[in-house]
Structures are given as structure tokens and as C-alpha cells.
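What follows is a set of notes on a single structure, which appears directly below.
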Amino acid sequence: MIKNCYFPPEGNYRKDLSPAELHTALSSGQGFVWISLEEASHDEVLDVLEKQFHFHPLAIEDCLSVGYQIPKVDDYVNYIFIIFQAILADDSLDELQTVELDLFLGENYLVTCHTEQTMPVMGNIWRRVDRDSRIYSHGADFFCHAILDNIVDDYLPLIDEMESEIDWIEDAVVAKPAPQTLEKLLSLKHGIMSLRRIISPQREVINRLSRDEFPQIQSYSRVYFRDVYDHLIRIQDLTDAIRDVISGSMDIYLNSTSLRLNEVMKALTIVSTIFLPLSFVAGVFGMNFRFMPGLESPVGFWVISLIYVVIAVGMLAYFKFRRWF
């Protein structure tokens, strides 16, 4: 699906321009045009990127590539090409799905392209266009900032959810460690590592956009790109803190399970040690000899039972005295 919108310097914007109107708007040099390729087909992408704008074949190839693309920014003199990754987290935070957004930023146009699944951030941008003129009143570069800023802001709720999960897991690890707790810890660890893999290169992308490196980005917008860069720095610091907490929680879990195993082994060892002399006494008196002291006595069984009790209580008292349990 191909959407377009023209933002003139003054007056209201216009959506869904015809090819002729779109060409006139681009040629006028006034305002800027936004073309959004949302879940577009292969032919639609080629028609816009190759036939209308004549973008570089390598950039078009990146747009059409299937699979994860590392976030980056390439300078093609008349325009810059940006690859950015948005995230879609499932309900359990086990896996972080990424959705690639490709942006071509020129002097008076912005072309965005995502050929995979639905991208919620684009729906948010279309709604903001209808109610907030500030995101398009400062040119295509500022509008590009608004899109990237929206993607970065979507990371924060995910970080907050991860922090809530890790707080609950910390309590569970101390109170009652269970295999399900370890599985949740490993899932969170995979999720936070995936998030770090996304954030690190995107921080460098925003850092380049915030410097005086590309003529397509005016000084007014660079300040806002630096603000996005600060957000990414904060998010990366939070991910580092969560990763450290997860590593500490895993150590606590392993130590707790080892301690519980030691307690169980201690109890079993005590029981085994107590029954060792009892088994010896029972073995001696269970030997098949005709003449044995107490064998014919009517109180012989009770005497042996009393000996069992005295040995067991005595050994428990000795273990307690030695602080073995």
C-alpha cells in the first residue's frame, strides 16, 4: 500500500496526491512530500524507489532484503538512507520481534518503507499528523526525527515491563526458587540481549544524524536528534542495569538451589547415619545362633527397642552439639 502526503509551507496538508500532483509538489521546492510504503509489494517498492526517485540500487536492495538488517545511515549526497528497527514484544517478553523501517531523507521529501508486517508506529504518526502540526511544520528532517523519536519512545514501556518482571523474579528467587523461575530469567536475558543488539547500532545512527554531517538535516533539527540520542543512552544504561540484575538473580538462584540440595543431603545423611548402628544391632541379633543372651527372655525385644531409641536420640544430640544441622 502506497500513501503520500504533501505539506506546503503554508496552509493545510493534502493526502493521496495523484502522480502528476506529486511530481508538481516535488518540483516546486516548497514544503516537503512524505511517501509511505506500508507493507508494500515488491513491484510497488520498485515503482517508487527506482522509477520515480532513482535511488541507489544498493539502498533499494536493502529495502527489499528479507531478514534482520543492522541499523545504519548511508550518505548518497542528494539524500541519506537510514535503516532503523522497531520492536514488537510478545506478552511473555520471551522474544523481541523487530520490524525494519527504511527512510530516504532528501531536501524536500521523506520516503519511508517497510515491507514486512504492520508497524504500529506509522499509525501513530498518521494520527499525529491529523492533530499536531508541529511535527511537519519544520521540514522533512524534523518529520524524520518525529518518526525515529516515536520508535525510540516505544522502547521505554518495554523496559518498564522488564523491570517489573525482574523485581518479581528477585523475590521469587529468594523466597522459593523453582525451575519456572530459571526459565523466566533465561527468557528475560535473551530479551534484554536482543534489545541491546538493536540499541547499540541505532545509538550510533542517531549520533551521526545529530552532528553537522549531513546537509539534509538543519541545525534546528539536530538539537532534537541529540535528544533522541540522550534517550537511547538512557535506555542502554537501563538495559545494562537489568542485565546485571538478571545475572545476579541467576547466581542467587543457583546458590539457593545448591543450599537447598545441601540441606536435603544433610537430612538424608543424618537419617542414614542413625540407621547404621540400628542396622548393626538388628543384624547381630538376627543371626541364626541357638544360644544368644536375651534370646529367650520375655523382655528381650523391649530391651533392644530401648537400645534403638537411646542410640538414635544420642546420635541426634551429638549431631546437634556439633551443629551439623
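Quick note on numbering: the working numbering labels position 150 of the sequence shown as 270, and the sequence is numbered without any gaps. The beta carbon of each residue, even a glycine, is placed where N, CA and C say it ideally should be.
Separation of residue j from residue i, as counted between CA atoms
i      : j      : result
Glu220 : His234 : 6 Å
Ser185 : Met385 : 57 Å
Ser314 : Ala292 : 24 Å
Phe201 : Leu306 : 36 Å
Leu208 : Pro299 : 27 Å
Leu166 : Ser138 : 18 Å
Leu278 : Tyr229 : 32 Å
Gln356 : Val249 : 29 Å
Arg442 : Asn382 : 17 Å
Leu223 : Ile203 : 6 Å
Leu146 : Leu225 : 13 Å
Thr238 : Gln217 : 12 Å
Tyr275 : Asp182 : 24 Å
His351 : Tyr344 : 11 Å
Thr393 : Glu303 : 37 Å
Glu141 : Glu158 : 21 Å
Val241 : Thr301 : 33 Å
Gly434 : Leu388 : 17 Å
Phe175 : Val168 : 9 Å
Ser425 : Arg380 : 33 Å
Ile255 : Gly243 : 14 Å
Gly149 : Asp287 : 54 Å
Ser417 : Lys440 : 35 Å
DSSP three-state assignment for residue i, whether helix, strand or coil
i      : result
Ile286 : helix
Val193 : strand
Thr238 : coil
Ile337 : coil
Tyr344 : helix
Ser147 : helix
Ala387 : helix
Ala160 : coil
Ser378 : helix
Ser257 : coil
Ser185 : coil
Phe175 : coil
Ser367 : helix
Ser399 : helix
Ser417 : coil
Opposing strand residues paired with residue i [DSSP bridges]
i      : result
Leu225 : Ile200 and Leu230
Asn124 : Ile155
Glu220 : Gln205
Arg134 : Tyr126
7 Å Cβ cutoff met for residue i and residue j
i      : j      : result
Ser369 : Glu290 : yes
Val153 : Tyr196 : no
Glu330 : Arg354 : First, the residue type needs correcting, since residue 330 is Ser and not Glu in the sequence shown. Contact: no.
Ile271 : Ala179 : no
Ser161 : His265 : no
Tyr438 : Leu398 : no
Asp261 : Gln338 : yes
Pro191 : Val348 : no
Ile366 : Lys296 : no
Arg328 : Val193 : yes
Val231 : Ile318 : no
Met282 : Ile390 : no
Ile122 : Glu164 : yes
Gly151 : Pro177 : no
Thr359 : Ile312 : yes
Extent of the continuous alpha helix (DSSP H) to which residue i belongs
i      : result
Asp269 : Ala260 to Asp273
Lys440 : Gly420 to Phe441
Val168 : Unbroken run through Val168: none, as it is neither H nor E.
Gln300 : Pro299 to Ser330
Asp252 : Looking at the DSSP string, Asp252 is not in any alpha helix (DSSP H), and its letter there is neither H nor E.
Residue-level contact to chain C via CB, residue i, 7 Å cutoff
i      : result
Phe204 : Absence of chain C from the displayed structure is noted, only one protein chain being present.
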